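Asker:
Protein chains in written order, with UniProt numbering: chain D, 1 to 331; chain X, 1 to 277; chain Y, 1 to 299.
1. Beta-carbon of residue 55(X) versus every beta-carbon of chain Y: anything under 8 Å?
2. Determine, using beta carbons only, whether residue 143(X) comes closer than 8 Å to chain Y.
3. Starting from the N-terminal side, write out each stretch of the alpha helix (DSSP H) that is 4 residues or longer and does not extend beyond the region 200-231 of chain D.
4. Three-state secondary structure (DSSP) at residue 222(Y)?
5. Using the Cβ count rule (16 or more neighbours within 10 Å means buried), how would you classify residue 290(Y)?
6. So, with DSSP's three-state summary, where would you put residue 326(D)?
7. List the whole-angstrom C-beta distance separating residue 232(D) from residue 218(D), where the pair is believed to meet the contact cut-off of C-beta under 8 Å.
8. Leaving out five residues before and five after residue 127(D) in sequence, what residues of the same chain have Cβ atoms less than 6 Å from its Cβ?
9. Compute the distance between the beta-carbons of residue 100(D) and residue 277(D), then report whether it is under 8 Å.
10. Could you tell me the distance, in whole angstroms, from the CA atom of residue 3(D) to the CA atom of residue 194(Y)?
11. Taking a cut of 7 Å between CB atoms, which residues from the region 101-120 of chain Y lie near chain D?
12. Mind checking whether residue 34(D) and residue 136(Y) have CB atoms under 8 Å apart?
13. Indicate, with yes or no, if the ligand SAM has a heavy atom lying under 7 Å from the CB of residue 77(D).
14. For residue 308(D) and residue 213(Y), I'd like the C-alpha separation in whole angstroms.
15. What is the DSSP secondary structure of residue 226(X), reduced to helix, strand or coil?
16. Which of the three DSSP states, helix, strand or coil, is assigned to residue 155(D)?
17. Name, going along the chain, the residues of the region 214-243 of chain X whose beta-carbon falls closer than 8 Å to a beta-carbon of chain Y.
18. Are the C-beta of residue 218(D) and some C-beta of chain X separated by less than 8 Å?
19. When DSSP builds the beta bridges, which residues end up paired with residue 35(X)?
20. Less than 8 Å between the C-beta atoms of residue 152(X) and residue 208(X), yes or no?
21. Bridge partners of residue 299(X), per DSSP?
22. Please list, in chain order, the chain B residues whose beta carbon lies closer than 7 Å to that of residue 118(X).
23. Could you tell me whether the region 148-166 of chain Y touches the region 216-234 of chain Y, where touching means 3 or more Cβ pairs closer than 8 Å?
24. Give every residue of the same chain whose Cβ lies closer than 6 Å to the Cβ of residue 11(X), excluding the five residues on either side of it in the sequence, and list them in chain order.
25. Per the DSSP calculation, residue 254(X) is bridged to which residue(s)?
26. Considering only C-alpha positions, which residue in the set 282(D), 183(D) and 323(D) is nearest to residue 244(D)?
27. Since residue 85(Y) and residue 250(Y) should fall inside the 8 Å C-beta cutoff, what is the C-beta to C-beta distance between them, to a whole number of angstroms?
28. Using CA atoms only, rank isn't needed, just tell me which of 118(X), 50(X) and 232(X) is closest to residue 90(X).
29. For the alpha helix (DSSP H) containing residue 170(Y), list its first residue and its last residue.
30. Use the C-beta contact count for residue 164(X): other C-beta atoms within 10 angstroms, 16 or more gives buried, fewer gives exposed.
31. Can you pull the chain Y residues whose beta carbon is under 8 Å from the beta carbon of residue 132(D), in chain order?
32. Where residue 14(X) and residue 272(X) are concerned, what is the direct C-alpha to C-alpha distance, given to the nearest angstrom?
33. In chain Y, what lies closer than 7 Å to residue 204(D) by C-beta?
34. Let me confirm a value: residue 31(Y) is counted as buried when at least 16 other C-beta atoms fall within 10 Å, else exposed. Which label applies?
35. Let me check understanding here. Comparing Cα to Cα, which of 96(D), 107(D) and 283(D) lies closest to residue 82(D)?
36. Residue 81(X) CB to nearest chain D CB: under 8 Å?
See below:
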């Protein structure tokens with residue numbers, strides 16, 4: 001940076017150097033402006049969601065109130081957070097977010113039951129067991145899995161997982177005739193799409209465990225099983241947790257796959273073969289509808305969006321925390 | 001055990017040194033015969049034969065890259081962890097070639113412990129570090145684990161420093177303490193042989209001196225084989241010394257005192273007096 | 001057991017159960033590793049099967065598919081409008097995201113002092129990467145479509161996609177810049193170049209293959225994104241857009257529109273659409289991998 005010091009004869013900055021330094025400072029300002037846009041994006045998201053959610057709860061946006069608009073609370077927070085019926089666009093509307101929050105959480109938990117064990121096992125296999133040649137094939141395959149658009153996963157659920165895999169099971173074992181959508185197919189498909197996330201980040205964490213520790217255990221007569229479970233996994237644990245949180249966060253915000261797999265029926269149910277609705281599916285259903293701007297049902301989109309955003313924000317902050325902890329341990 | 005003197009470079013010249021063990025007769029526990037080790041196409045050990053006696057300290061010295069660590073890692077087959085490593089010839093433990101197909105490296109390592117160059121405690125508590133070997137060997141139920149952990153920590157001269165904080169992480173100890181913890185970890189399952197790969201090279205002189213004292217005590221119960229790049233250390237602590245020079249050749253092997261006072265080979269004399277390496 | 005051979009040398013150690021345990025465990029995690037592979041194979045087979053049935057039983061003509069826009073009647077529907085819209089979306093997304101993303105990366109890697117503001121920028125970036133894609137759609141809907149009243153136009157979709165992939169472009173560009181050795185920078189400084197001259201003349205050219213690779217992969221992600229486009233209203237049209245200010249529906253939204261229909265004919269149109277989408281993605285990834293390999297062999 002400081003090439004323009006004033007010491008010594010003949011090396012104080014001449015006119016040419018001066019112009020160059022000016023260009024340098026200008027470039028720095030422009031580049032900082034680019035970086036500032038990313039912060040502006042976050043602020044805009046917060047502002048837009050809160051502003052419009054305010055209109056949902058109070059009948060007027062914050063910006064409208066500021067220019068003298070009136071407001072009164074139309075939807076209470078109690079109803080929103082504890083009501084068990086969600087139908088803002090119904091002729092007798094109800095504004096309890098629980099059914100669609102249930103949908104999101106059910107899909108997320110179900111998906112975690114698929115992605116966490118399978119992703120962790122895959123990471124362990126790749127990091128500790130696989131030969132170079134298997135690894136060089138398995139890793140790109142998982143990358144392909146990660147690169148497939150979510151809409152394609154949704155299509156896979158609606159054309160294969162639900163009718164071909166789950167339909168016969170529901171029919172023969174439980175006597176339930178499965179519909180076009182089911183909660184279970186949503187769980188499975190979101191689980192599949194988050195496996196590569198768990199496996200790749202967990203594997204990175206396992207690879208970062210120094211070989212010294214492995215050798216220390218092998219020298220004590222430990223088997224590969226002991227080394228994997230008692231040395232590698234404990235040493236990589238915060239990195240592995242970070243991968244879980246990322247997968248969970250992704251599952252919460254997942255839209256197209258769950259919409260096509262699990263459906264649009266907001267209800268709280270324990271039946272895995274029934275149709276449910278997640279928060280994101282509700283947002284899609286609103287986008288498909290024709291609600292006018294400013295109506296309660298249009299504004300509900302933002303209230304749900306705000307809850308969704310806050311849920312993933314918490315996950316992202318947790319992920320960040322675990323990642324930093326892991327980096328402190330091994331770097 | 002037969003000692004097959006005719007193939008070895010051992011000189012049976014017995015003299016008394018200050019370790020106080022040298023006058024005891026040698027019983028061979030680990031023996032190498034015409035051992036060659038290759039990493040891919042590079043030869044790391046070239047036709048080495050030697051007999052390592054029980055309950056003594058055997059030091060291996062030589063310039064870096066001379067193959068002394070590779071030799072050490074053959075004894076408990078830690079070289080198995082390296083894909084490109086190939087071993088030819090025999091290396092026996094109580095007369096049994098450790099590279100025979102029916103030898104299980106896991107079982108072998110339960111008899112032959114190891115301490116590494118860099119202290120490598122697990123990210124676990126001090127207690128769990130020491131108990132680790134007994135646990136993975138499935139012996140935690142047979143023994144009084146608390147007593148064994150204490151015995152091992154006392155054996156490693158660490159007990160007095162850590163007995164009030166056994167639950168704190170092994171990583172919180174100083175470098176020298178960590179290395180003694182690793183020694184405690186190695187002796188807790190009570191192996192017969194302890195391999196040490198430059199155990200003091202990452203430590204300050206005071207911590208290194210403590211480890212040296214410890215090695216002397218360990219030889220009463222265990223066979224210690226130590227690789228070191230520090231000639232004074234080898235002279236201080238070992239009963240026998242093997243000198244490797246570049247190319248993975250064992251140039252001379254014998255009583256430590258004789259090696260240092262009256263080496264047979266000119267190269268060894270040059271190395272010891274600092275003219276080479 | 002093999003260990004109790006030699007006169008009981010290792011006879012006191014019974015590793016029978018240990019080895020069984022190890023084998024069972026390896027079998028278990030190998031099976032788990034194959035789960036993802038099997039699912040990928042099933043997915044591809046499923047898509048290929050629908051594609052085949054669509055062409056044979058539903059008589060979907062590929063010529064018509066590529067030359068006709070969407071339609072309410074399945075036998076008249078094609079994919080042309082959606083393909084054109086996606087190509088335009090990608091173009092504008094690239095223009096919007098590339099320069100700002102690269103600028104941010106250069107600032108963070110080359111200029112940013114180690115201050116609290118810089119750490120805030122980094123943390124904000126990590127968070128933005130984790131924001132669900134549908135939220136970017138909400139932002140564009142509220143700020144552009146209804147906020148300044150643009151309506152559901154293509155450029156609004158591009159803005160949503162650009163914001164979505166910006167963190168990806170920034171992170172991959174940062175990695176590419178970090179891979180340029182400091183000796184290269186020092187060589188330039190030693191000739192009396194300023195920081196900006198060094199970046200412009202030496203660092204960026206050296207990092208460009210890596211930056212382009214990352215950008216292509218980010219755009220591949222963008223072209224498959226559905227939710228943000230749905231939010232900005234990309235579902236209500238199926239004709240070809242005539243420019244960035246026209247209404248539009250991209251490939252993924254068209255596929256969604258078809259897949260959500262009850263008619264089997266539409267479902268199979270969606271299958272054919274997916275084959276086209278995946279082919280384009282495959283091509284983009286191929287180009288990215290080619291660039292990366294070429295770059296790696298050069299260094």
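Even glycine gets a Cβ: it sits at the ideal position worked out from N, Cα and C. Given the structure is predicted, the values throughout are model-derived calculations rather than measurements.
Answerer: The answer reads as follows:
1. On the second chain, residue 55(X) is found 55 positions in, with the first residue counted as 1. Chain Y contact via Cβ: absent.
2. Your numbering for residue 143(X) matches position 143 in the second chain. Judged by the 8 Å Cβ criterion, residue 143(X) is not in contact with chain Y.
3. 211-218
4. For the purposes of this step, residue 222(Y) is identified with residue 222 of the third chain, where counting begins at 1. Helix.
5. Locating residue 290(Y) in the third chain gives position 290, counting from the first residue. Its Cβ having fewer than 16 others within 10 Å, residue 290(Y) is exposed.
6. By one-based count along the first chain, residue 326(D) stands at place 326. Looking at residue 326(D) - three-state DSSP - the assignment turns out to be helix.
7. For this step, residue 232(D) is matched to residue 232 along the first chain. For this step, residue 218(D) is matched to residue 218 along the first chain. 12 Å between Cβ atoms; not a contact.
8. The sequence position of residue 127(D) within the first chain is 127, counting from 1. Excluding sequence neighbours, residue 127(D) sits near 203, 206 and 207.
9. Position 100 of the first chain holds residue 100(D). Position 277 of the first chain holds residue 277(D). Cβ distance < 8 Å, so residue 100(D) and residue 277(D) count as in contact.
10. In the first chain, residue 3(D) corresponds to position 3, counting from 1. In the third chain, residue 194(Y) corresponds to position 194, counting from 1. Below a pLDDT of 50, predicted positions are generally treated as unreliable, and residue 3(D), at 47, falls in that range; the measurement from the model is reported next regardless. Going from the Cα of residue 3(D) to the Cα of residue 194(Y) covers about 8 Å.
11. 103, 104, 106, 107, 108 and 111
12. Along the first chain, one-based indexing puts residue 34(D) at 34. Along the third chain, one-based indexing puts residue 136(Y) at 136. No, they are not a contact pair.
13. No copy of the ligand SAM occurs in the structure displayed, which carries no ligand at all.
14. Numbered from 1 along the first chain, position 308 holds the residue referred to as residue 308(D). Numbered from 1 along the third chain, position 213 holds the residue referred to as residue 213(Y). Going by the C-alpha atoms only, they are around 32 Å apart.
15. Here residue 226(X) refers to the residue found at position 226 of the second chain. Residue 226(X) sits in a strand when the DSSP states are folded into three classes.
16. Residue mapping note: residue 155(D) aligns to position 155 of the first chain, counting from 1. Reduced to three states, the DSSP call for residue 155(D) is helix.
17. none
18. For the purposes of this step, residue 218(D) is taken as residue 218 along the first chain, with counting starting at 1. Output row for residue 218(D): interface = yes.
19. As a working mapping, residue 35(X) is identified with position 35 in the second chain. Bridge partners of residue 35(X): 48(X).
20. Mapped onto the second chain, residue 152(X) falls at position 152. Mapped onto the second chain, residue 208(X) falls at position 208. In this structure, residue 208(X) does not lie closer than 8 Å to residue 152(X) by Cβ.
21. A query on residue 299(X) cannot be resolved here, the shown segment of chain X reaching from 1 to 277 and no further.
22. Checking the listed chains, one finds no chain B in this structure; the protein chains it contains are D, X and Y.
23. yes
24. Taking the second chain and counting its residues from 1, one reaches residue 11(X) at position 11. Residue confidence is low: residue 11(X) scores 37 on pLDDT, short of 50, so the model does not pin down where it sits. No coordinate-derived value is stated.
25. For this step, residue 254(X) is matched to residue 254 along the second chain. According to DSSP, which records beta bridges pairwise, residue 254(X) is partnered with 241(X).
26. The sequence position of residue 244(D) within the first chain is 244, counting from 1. Out of 282(D), 183(D) and 323(D), 323(D) has the C-alpha closest to the C-alpha of residue 244(D).
27. Position 85 of the third chain holds residue 85(Y). Position 250 of the third chain holds residue 250(Y). Here residue 85(Y) really is in contact with residue 250(Y); their C-beta atoms are around 5 Å apart, less than 8 Å.
28. Your numbering for residue 90(X) matches position 90 in the second chain. Checking every option, the nearest Cα to that of residue 90(X) belongs to 50(X).
29. Indexing the third chain from 1 puts residue 170(Y) at position 170. Unbroken alpha helix (DSSP H) run through residue 170(Y): 154-178.
30. Counting from one through the second chain, the residue named residue 164(X) turns up at place 164. Exposed, because fewer than 16 other Cβ atoms sit within 10 Å of the Cβ of residue 164(X).
31. Sequence index remark: in the first chain, residue 132(D) carries index 132 (1-based). Under the 8 Å cutoff, chain Y gives no residues; its nearest Cβ is about 15 Å from residue 132(D).
32. As a working mapping, residue 14(X) is identified with position 14 in the second chain. As a working mapping, residue 272(X) is identified with position 272 in the second chain. Residue placement at residue 14(X) is flagged as unreliable, the pLDDT there being 29, under the threshold of 50; the coordinate-derived value follows with that caveat. Answer to the nearest angstrom: the Cα atoms are 21 Å apart.
33. To locate residue 204(D), count along the first chain from 1; it is residue 204. By Cβ distance, chain Y contributes nothing, its closest Cβ being about 14 Å from residue 204(D), past 7 Å.
34. Position 31 of the third chain, counted from the start, is the residue given in the question as residue 31(Y). Answer is exposed; the Cβ neighbour count stays below 16.
35. As a first step, residue 82(D) must be located in the first chain, where it is residue number 82. The shortest CA-to-CA distance from residue 82(D) to any of 96(D), 107(D) and 283(D) is the one to 96(D).
36. As a position in the second chain, residue 81(X) is number 81, starting the count at 1. Judged by the 8 Å Cβ criterion, residue 81(X) is in contact with chain D.
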